[in-house]
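Report on one structure; see the data block that follows.
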Ligand SMILES: NC(=O)c1ccc[n+]([C@@H]2O[C@H](COP(=O)([O-])OP(=O)(O)OC[C@H]3O[C@@H](n4cnc5c(N)ncnc54)[C@H](O)[C@@H]3O)[C@@H](O)[C@H]2O)c1
């Protein structure tokens, strides 16, 4: 019988690429998701998966019956949304992650893969130090702090029968059936499409670790299938490479000029955010024997083609903060008016 994987947050940007890949690899899949962004991104596989709608903090044993392994992608997935509601962020990113892990232990589900983030490393006093997994960190921002505290909580639960694995991903880029235009490469591709211009703050000097969405999917599959002794209670940075933001902009410009015949201007500003970090991804490569070799240019082209096909890139659903603000606003209005659409 096929192994069944529970993907919490499986209807999100990464989940909508990961779920079809899990099915293709022969797994059965159950998605547990609050569906903040709907389930349209899973349309192509909707009749092949089980979907349970709910908040992760409320998940109970029954939802985990028949599950062999868990991948947890659920939560607020960037700094602005975490800062928008730090209490909700703590519940969703830390408490829910640990709650799910405790349930897994109870239900004898051994493998638990947690979506952590390289933003745990960032600092406001940028230097060029390459940060490996053992680099001392003390993240203060709500998002990175919540990811770090989840990691610590999961590490406390490690034993011979429970095998949590933490993947600290770089900023992901590329096309997904549930798209986000609030991630740097995706933003630049959209800006090039919309304005034929990219605006660079702080001269584009800040470093970013980047990860192709297809490589993110490969990393989850690898973490799922690796022998327990190789990954039990371990943290891995997962990235293609580190880039100064200006180099990302050059790459977007070059790709669009050479492949699409489009001219894109760069507007370089002196001031702006200085958040910067460089991350060492070699432990993942050594441990799993995987060298990511996908091309950023191909991902940029794919996103451009989707924009040309008519994606409504102004729709707030593609911007996590704007969408959550809208949901909260609607929630308030509907509560006050006791409103029914029909
Ligand atoms: N996208 C990136 O660049 C990136 C980089 C590093 C880490 N991560 C982490 O990877 C994970 C997935 O990222 P993404 O880009 O797919 O995010 P996303 O925002 O597109 O998707 C998150 C999904 O989780 C669901 N969700 C959120 N809170 C929930 C809750 N409390 N209970 C149940 N479901 C909930 C949402 O409805 C959504 O479908 C996140 O944990 C994020 O922090 C993402």
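Numbering (the numbering used here), first residue to last: -11 to 330. Ideal placement from N, C-alpha and C gives every residue a C-beta, glycine not left out. Computed from a predicted model, the values in this text were never measured in an experiment.
Please name the residue in the options whose C-alpha comes closest to that of residue i.
{"i": "residue -10", "options": "14, 8, 9, 7", "result": "14"}
{"i": "residue 23", "options": "206, 294, 250, 166", "result": "166"}
{"i": "residue 176", "options": "61, 255, 4", "result": "255"}
{"i": "residue 83", "options": "292, 34, 21, 141", "result": "141"}
{"i": "residue 87", "options": "111, 179, 62", "result": "62"}
{"i": "residue 174", "options": "42, 39, 295", "result": "295"}
{"i": "residue 219", "options": "150, 280, 110", "result": "150"}
{"i": "residue 259", "options": "231, 194, 153, 274", "result": "194"}
{"i": "residue 213", "options": "252, 101, 136, 143", "result": "101"}
{"i": "residue 297", "options": "253, 38, 178, 32", "result": "178"}
{"i": "residue 217", "options": "145, 153, 112", "result": "153"}
{"i": "residue 58", "options": "115, 253, 147, 92", "result": "92"}
{"i": "residue 209", "options": "272, 25, 21", "result": "272"}
{"i": "residue 128", "options": "43, 252, 74", "result": "74"}
{"i": "residue 70", "options": "2, 313, 146, 301", "result": "313"}
{"i": "residue 76", "options": "320, 321, 316", "result": "316"}
{"i": "residue 229", "options": "183, 280, 182, 211", "result": "280"}
{"i": "residue 231", "options": "54, 161, -3", "result": "161"}
{"i": "residue -7", "options": "1, 20, 303", "result": "20"}
{"i": "residue 301", "options": "-3, 182, 54", "result": "182"}
{"i": "residue 148", "options": "261, 126, 215, 28", "result": "215"}
Does ligand 1 have a heavy atom nearer than 7 Å to the CB of residue i?
{"i": "residue 160", "result": "yes"}
{"i": "residue -1", "result": "yes"}
{"i": "residue 105", "result": "yes"}
{"i": "residue 323", "result": "no"}
{"i": "residue 89", "result": "no"}
{"i": "residue 269", "result": "no"}
{"i": "residue 3", "result": "yes"}
{"i": "residue 62", "result": "yes"}
{"i": "residue 51", "result": "no"}
{"i": "residue 31", "result": "no"}
{"i": "residue 22", "result": "yes"}
{"i": "residue 129", "result": "no"}
{"i": "residue 280", "result": "no"}
{"i": "residue 80", "result": "yes"}
{"i": "residue 209", "result": "no"}
{"i": "residue 45", "result": "yes"}
{"i": "residue 84", "result": "yes"}
{"i": "residue -6", "result": "no"}
{"i": "residue 11", "result": "no"}
{"i": "residue 132", "result": "no"}
{"i": "residue 166", "result": "yes"}
{"i": "residue 276", "result": "no"}
{"i": "residue 227", "result": "no"}
{"i": "residue 308", "result": "yes"}
{"i": "residue 334", "result": "Outside the displayed range of the chain (-11 to 330) lies residue 334, so it cannot be described from this structure."}
{"i": "residue 142", "result": "no"}
What distance in whole Å lies between the Cβ atoms of residue j and residue i, which are believed to be in contact at a cut-off of 8 Å?
{"i": "residue 332", "j": "residue 158", "result": "Residue numbering for the chain in the displayed model covers -11 to 330; residue 332 lies beyond these limits and cannot be assessed."}
{"i": "residue -5", "j": "residue 17", "result": "6 Å"}
{"i": "residue 192", "j": "residue 233", "result": "4 Å"}
{"i": "residue 64", "j": "residue 123", "result": "Not quite, the Cβ-Cβ distance comes to about 24 Å (not below 8 Å), so this is no contact."}
{"i": "residue 138", "j": "residue 250", "result": "The pair is not a contact, with the Cβ atoms about 41 Å apart (cut-off 8 Å)."}
{"i": "residue 26", "j": "residue 146", "result": "So it is not a contact: roughly 35 Å between Cβ atoms."}
{"i": "residue 164", "j": "residue 81", "result": "Actually they are not in contact, since the Cβ atoms of residue 164 and residue 81 sit about 20 Å apart, beyond 8 Å."}
{"i": "residue 60", "j": "residue 85", "result": "6 Å"}
{"i": "residue 274", "j": "residue 225", "result": "Not quite, the Cβ-Cβ distance comes to about 12 Å (not below 8 Å), so this is no contact."}
So residue i is in the alpha helix (DSSP H); what residue range does that whole segment cover?
{"i": "residue 270", "result": "270 to 276"}
{"i": "residue 65", "result": "Where residue 65 is concerned, there is no enclosing alpha helix (DSSP H), given that its DSSP letter is neither H nor E."}
{"i": "residue 151", "result": "Run containing residue 151: none in the alpha helix (DSSP H); it sits in the beta strand (DSSP E), 151 to 157."}
{"i": "residue 7", "result": "3 to 12"}
{"i": "residue 140", "result": "130 to 144"}
{"i": "residue 202", "result": "201 to 213"}
{"i": "residue 20", "result": "Counting along the chain, residue 20 falls outside any alpha helix (DSSP H), though it belongs to the beta strand (DSSP E) covering 16 to 21."}
{"i": "residue 74", "result": "74 to 77"}
For the beta strand (DSSP E) holding residue i, just list the boundary residues, first then last.
{"i": "residue 224", "result": "222 to 226"}
{"i": "residue 101", "result": "99 to 105"}
{"i": "residue 41", "result": "38 to 41"}
{"i": "residue 239", "result": "Not the beta strand (DSSP E): residue 239 falls in the alpha helix (DSSP H), residues 233 to 248."}
Under 7 Å from any heavy atom of ligand 3, does the C-beta of residue i make it?
{"i": "residue 157", "result": "Absence of ligand 3 from the depicted structure is noted, with ligand 1 being the only ligands included."}
Quick test of the definition: if touching needs 3 or more C-beta pairs under 8 Å, does the segment 157 to 174 touch the segment 300 to 313?
yes
With contact counted as at least three CB pairs below 8 Å, one residue from each stretch, are the segment 261 to 280 and the segment 105 to 120 in contact?
yes
Please determine if the segment 192 to 204 and the segment 281 to 296 are in contact, where contact requires at least 3 C-beta pairs separated by less than 8 Å.
yes
Does the structure place the segment 105 to 112 close enough to the segment 39 to 52 that three or more beta carbon pairs sit under 8 Å?
no
Under 8 Å, with one C-beta from each stretch per pair, do the segment 3 to 17 and the segment 201 to 212 reach the 3-pair mark?
yes
Should the segment 230 to 238 be regarded as contacting the segment 186 to 194, the criterion being three or more beta carbon pairs within less than 8 Å?
yes
Taking contact to mean at least 3 C-beta pairs separated by less than 8 Å, is the segment 84 to 98 in contact with the segment 245 to 255?
no
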